[in-house]
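This report concerns only the one structure given below.
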Amino acid sequence: MLEPLRQGLPPLDPAAVSDAASCSLPARYEAVGDARRFTRRTLDQWELGDHFDDICLVVSELVTNALRHAVPVTGGHTGEHNPPVRLHLMRWTERLVCAVRDPSQDSPVARDSDDFSAESGRGLFLVDSFSDSWGWHPMSGTLGGKLVWALFRLQAHAGPAAVSTE
45 MLEPLRQGLP PLDPAAVSDA ASCSLPARYE AVGDARRFTR RTLDQWELGD
95 HFDDICLVVS ELVTNALRHA VPVTGGHTGE HNPPVRLHLM RWTERLVCAV
145 RDPSQDSPVA RDSDDFSAES GRGLFLVDSF SDSWGWHPMS GTLGGKLVWA
195 LFRLQAHAGP AAVSTE
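Everything in the sequence shown is counted per the numbering used here, starting at 45 for the first residue and increasing by one.
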């Protein structure tokens with residue numbers, strides 16, 4: 045169900061991005077709450093607040109996974125201009141992408157777990173369930189690490205419903 049793990053973003057014209065926002069997150073678990081608040085503010089500004097629940101769940105899982113599995117135990121802070129984890133939100137007319145960059149070269153690993161009462165191990169399953177697609181790819185250049193992303197299709201606003209006069 046979660047295959048293939050390594051895949052790049054679907055073709056999206058970078059010039060057609062209508063909105064983009066990002067924030068750096070400290071290497072602390074409290075940063076998950078910061079990511080949720082950032083996501084709420086951004087979606088509200090973009091008038092996409094009705095998509096908050098699903099997107100927020102996915103953002104929480106991606107950030108938690110980055111902090112838990114990709115940031116070194118020492119805190120992973122690699123300098124003022126290269127924070128360990130960065131959240132990106134990008135919106136096209138009918139799509140939104142949430143992407144989390146972290147310093148690890150290791151691929152995300154989806155666990156097969158039939159234990160639905162387990163307190164961890166279901167993050168990528170939730171990402172797969174609540175987003176329309178997701179994947180990851182290694183970063184190139186001086187940044188290093190990887191980017192794990194999730195794509196959401198946004199409903200086009202149909203306008204007011206027609207009123208029948210019958």
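Glycine included, each C-beta is placed from N, C-alpha and C at the ideal position. Computed from a predicted structure; not experimentally measured.
The straight-line gap separating the alpha-carbon atoms of R84 and T186 is approximately 31 Å.
Considering only M183, F196, W136 and V144, the residue with the shortest C-alpha distance to V129 is V144. S175 counts as buried, since no fewer than 16 other beta carbons sit within 10 angstroms of its beta carbon. Between W180 and V171 the beta-carbon gap is near 10 Å, outside 8 Å, which marks them as no contact.
Closest by C-alpha distance to A64, out of T137, P116 and A110, is T137.
Closest option to L131, judged by alpha-carbon separation, among T108, R139 and Q149: T108. Here E105 is buried: its Cβ has 16 or more other Cβ atoms, across all protein chains shown, within 10 Å. Checking the DSSP bridge columns, you'll see P182 partnered with K190. Distance from L101 to L140 at the Cβ level is roughly 14 Å; contact not present, criterion being Cβ atoms closer than 8 Å. Within 10 angstroms of the beta-carbon of A60 lie fewer than 16 other beta-carbons, which makes it exposed. CA-to-CA, the gap between Y73 and A79 works out to about 10 Å. Boundaries of the alpha helix (DSSP H) around D172: G167 to F174.
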